[in-house]
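Asker: Which chain is which? The protein sequence lines are E and A, in order.
For the first sequence, position 169 (counting from the first letter as 1) is numbered 455 according to my numbering, and the numbering increases by one without interruption.
For the second sequence, position 169 (counting from the first letter as 1) is numbered 455 according to my numbering, and the numbering increases by one without interruption.
Structure incoming, see below.
2 protein chains.
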Amino acid sequence: MVNTQTKPAPTRRNRQYEKRLSAILKAAAKTIAREGYEGASVRRVAARAKIGLSGIYYYFHNKEELLFALQEHTFSTLVETLQERLASAETPEEKLRAVIDNHFEYFVNNLDELKVCVHEIESLSGHYYKQVLKIRQGYFALVKKVIREVRGRRTGIDPNLAALFLFGSLNWVYMWYDPRKNTEMKKLSKQLRRIYFNGMTAP
Amino acid sequence: MVNTQTKPAPTRRNRQYEKRLSAILKAAAKTIAREGYEGASVRRVAARAKIGLSGIYYYFHNKEELLFALQEHTFSTLVETLQERLASAETPEEKLRAVIDNHFEYFVNNLDELKVCVHEIESLSGHYYKQVLKIRQGYFALVKKVIREVRGRRTGIDPNLAALFLFGSLNWVYMWYDPRKNTEMKKLSKQLRRIYFNGMTAP
DNA sequence: TAATAATTAGAACGAACGTTCGATTTATTT
DNA sequence: AAATAAATCGAACGTTCGTTCTAATTATTA
């Protein structure tokens, strides 16, 4: 069972536990990214994590909790790093850059995880869904605030829609990005910033 | 079995056949949109289409062919209507508008189908995948050409990336659009055009 | 070292899956 | 009306699924 509350002294045993746990999460990310949540079987996740089938159920109550842990961890990290970046940005343009760079950089370093987060949101239900939704809404609020600053006093730009469109551009990347053709992240970021900054600040 | 070659006289029987067929496609679109391709069972598709389970296999060889027929029909129509719109557009701005309006209008009238097309591309394999990929590449080429015209002789804008970003914004809509809160399509289109047109034509 | 707790392995469960097949019903043709 | 073809149905197949349970193994504590 995942324990997100207590943090006992990091004994060797605990370190082993957490290693296994993140190995399972990594295996789940790769498997679900390739086969989809419904298509990915717990058996294949276990095989990739080099653990028995029932071993998975020692760390997670069920398959859905596995997906939840993956999304919750990935999204939380994404929000955290964005907040750090935003704290050291001053102008609206710098803040927009923080948003875009943060998303792209995290993306290239966690291809499978982010693909799962983007593609399998609706595979969660009930409490799991609500909790992830909350984190995503927090992320969205951060971005919307930045966009409002970029827009300034200009009329004709709806920050809500602009943020949604920007999210689309960012989240769509996993559909076409090929890590083997190591496209320069700097170029990606520059292009997207150019379009959205100019697009929202033009008279 | 789907027959896309011969087109015999539209007897009453044939009309019944095609009615059933599109009823199945509609049921499949709704079911797959809600449950995902792997999650949607042929049994539930059949139930929604008011036909027996084995009845599906009279019209389609297997489940994947059902998904293929859905995507092939939807995407082909999308490309066709875009070509018509582009033919009657003159300036680059009008053409960009054609792209965006076409996508949005088709989207609101075919919510389930477009969601499946966007979300289940990778659920196809082999020949099915290649064939749909071809259509999508044709669509992409059309849009890229328009973007090249909008850009004109300006440097610093990569039409390829710009097209991909635009596709992201367009395809992401299914994640947040709520038909019950009938958001005005005109506003959506206007906002997106404003961002991308200004974004690509600014000095 | 003995007792205790944490972790893993293996077998088994019922349920649901995609697909097939022969029989039956419905529509068309002779 | 009889013969033929098209369309539908219901039952069944083998497979895979998520999950559970008990026993064995490993690590920690006393």
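For glycine and all other residues, C-beta sits at the position ideal for the given N, C-alpha and C.
Alpha carbon to alpha carbon, what distance is there between LYS420/E and GLU391/E?
Answerer: Going from the Cα of GLU391/E to the Cα of LYS420/E covers about 23 Å.
Asker: Among the candidates ALA384/E, LEU474/E and GLU380/E, whose CA atom is the shortest distance from the CA of TRP458/E?
Answerer: Taking only the C-alpha atoms, the option nearest TRP458/E is LEU474/E.
Asker: For ILE386/E, return the contacting residues in chain A, with the cut-off set at a CB-CB distance below 9 Å.
Answerer: Per Cβ cutoff of 9 Å: no residues; ILE386/E is ~11 Å from chain A at best.
Asker: For the alpha helix (DSSP H) holding PHE346/A, just list the boundary residues, first then last.
Answerer: First-last for PHE346/A: undefined, no H or E at that position.
Asker: CB LEU447/E to CB VAL429/E, shorter than 8 Å?
Answerer: Cβ atoms of LEU447/E and VAL429/E: not closer than 8 Å.
Asker: Please report the straight-line C-alpha distance between LYS476/E and VAL432/E, rounded to a whole angstrom.
Answerer: Near 17 Å, if we compare the C-alpha coordinates of VAL432/E and LYS476/E.
Asker: State yes or no: is the beta carbon of ASP398/E nearer than 8 Å to at least one beta carbon in chain A?
Answerer: Not one chain A Cβ lies under 8 Å of ASP398/E.
Asker: Would TYR482/E count as contacting chain A if we go by Cβ distances under 8 Å?
Answerer: Yes, TYR482/E counts as interfacial toward chain A.
Asker: I want to verify the contact list: residues of chain E whose CB lies under 8 Å from the CB of LEU447/A, in sequence order.
Answerer: Those are LYS473, LEU474, GLN477 and LEU478, listed as they occur along chain E.
Asker: Tell me whether the beta-carbon of ALA355/A lies closer than 8 Å to the beta-carbon of GLY341/A.
Answerer: It is not a contact, given that the beta carbons lie outside the stated cut-off.
Asker: For LEU315/E, which residues from the same chain have a beta carbon less than 7 Å from its beta carbon, with the 5 sequence-adjacent residues on both sides left out?
Answerer: Note that residue 315/E is Ala in the sequence shown, not Leu. Around ALA315/E: LEU356, ASP398, GLU399 and VAL402.
Asker: Which parts of the stretch 311 to 367 of chain E are runs of the alpha helix (DSSP H), unbroken and 4 residues or longer, counting only runs that do not cross its ends?
Answerer: Here the runs fully enclosed are 328 to 334 and 339 to 345.
Asker: For SER455/A, return the contacting residues in chain E, with the cut-off set at a CB-CB distance below 9 Å.
Answerer: Per Cβ cutoff of 9 Å: LEU450, PHE451, LEU452, PHE453, GLY454, SER455 and TRP458.
Asker: Is it a yes or a no for the stretch 308 to 323 of chain E touching the stretch 373 to 389 of chain E, going by three-plus beta-carbon pairs under 8 Å?
Answerer: The stretch 308 to 323 of chain E, when compared against the stretch 373 to 389 of chain E, does not touch it at the 8 Å Cβ threshold.
Asker: Taking GLU324/A as the query, report the chain E residues whose CB atoms sit under 7 Å from its CB, ordered along the chain.
Answerer: Those are GLY322, GLU324 and GLY325, listed as they occur along chain E.
Asker: Over what stretch of residues does the alpha helix (DSSP H) that includes ARG422/E continue unbroken?
Answerer: Start and end: 412 to 437.
Asker: Between the alpha carbons of HIS389/A and VAL418/A, how many angstroms are there, rounded?
Answerer: The straight-line gap from Cα to Cα measures roughly 17 Å.
Asker: For the stretch 419 to 446 of chain E, which residues have a beta carbon sitting closer than 8 Å to at least one beta carbon of chain A?
Answerer: Listed by position, the residues of the stretch 419 to 446 of chain E near chain A (Cβ gap below 8 Å) are GLY442, ILE443 and ASP444.
Asker: Measuring only the C-alpha atoms, how far is ARG480/E from GLY338/E?
Answerer: Cα-Cα distance, rounded: 50 Å.
Asker: Helix or strand or just coil, what does DSSP make of GLU408/A?
Answerer: If DSSP states are grouped into helix, strand and coil, GLU408/A belongs with the helices.
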